[in-house]
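Chemist: Can you keep this structure in mind? I'll have questions shortly.
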Amino acid sequence: MDEARALKVAVDTGKVVLGARRAKRVAKERKARLVVVSSNCPDAELRGLVGVKVHVFPGTNAELGAACGVPFSVSALA
Numbered sequence: 315m316d317e318a319r320a321l322k323v324a325v326d327t328g329k330v331v332l333g334a335r336r337a338k339r340v341a342k343e344r345k346a347r348l349v350v351v352s353s354n355c356p357d358a359e360l361r362g363l364v365g366v367k368v369h370v371f372p373g374t375n376a377e378l379g380a381a382c383g384v385p386f387s388v389s390a391l392a
């Protein structure tokens, strides 16, 4: 299963939080198992995501949103 398809399946389950602020909050509460961050997400948002696995998506936030199957850009998801 490729990365884009895995993201789409994860979003369809309803267990995914979209957005950098919400992903940071969930990661700080230790409720996230994995945080996926777009390649052009600001570094300040990456620094706040410690204590959880962080995967950097090779595309931009617009491409990450398209991979998730949503009609808007996504900087991060958890």
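Note that our numbering gives residue 378 to position 64 of the sequence shown, counting from 1, and the numbers run on in steps of one. The beta carbon of each residue, even a glycine, is placed where N, CA and C say it ideally should be. Because the structure is a prediction, the values reported are computed rather than measured.
Flag C382 as yes if its beta-carbon sits less than 8 Å from any beta-carbon of chain C, otherwise no.
Modeler: Among the chains of the structure shown, chain C does not appear; only one protein chain is present.
Chemist: Looking only at its own chain, which residues have a Cβ that is under 6 Å from the Cβ of S389, when we skip the five neighbours before and after it?
Modeler: A334, S352, C355 and N375
Chemist: On the criterion of 16 or more Cβ atoms from any shown chain inside 10 Å, does V370 qualify as buried, or is it exposed?
Modeler: exposed
Chemist: Considering V323, what are the terminal residues of the alpha helix (DSSP H) in which it resides?
Modeler: E317 to T327
Chemist: Give me the Cα-Cα distance between R347 and L332, rounded to the nearest whole angstrom.
Modeler: 14 Å
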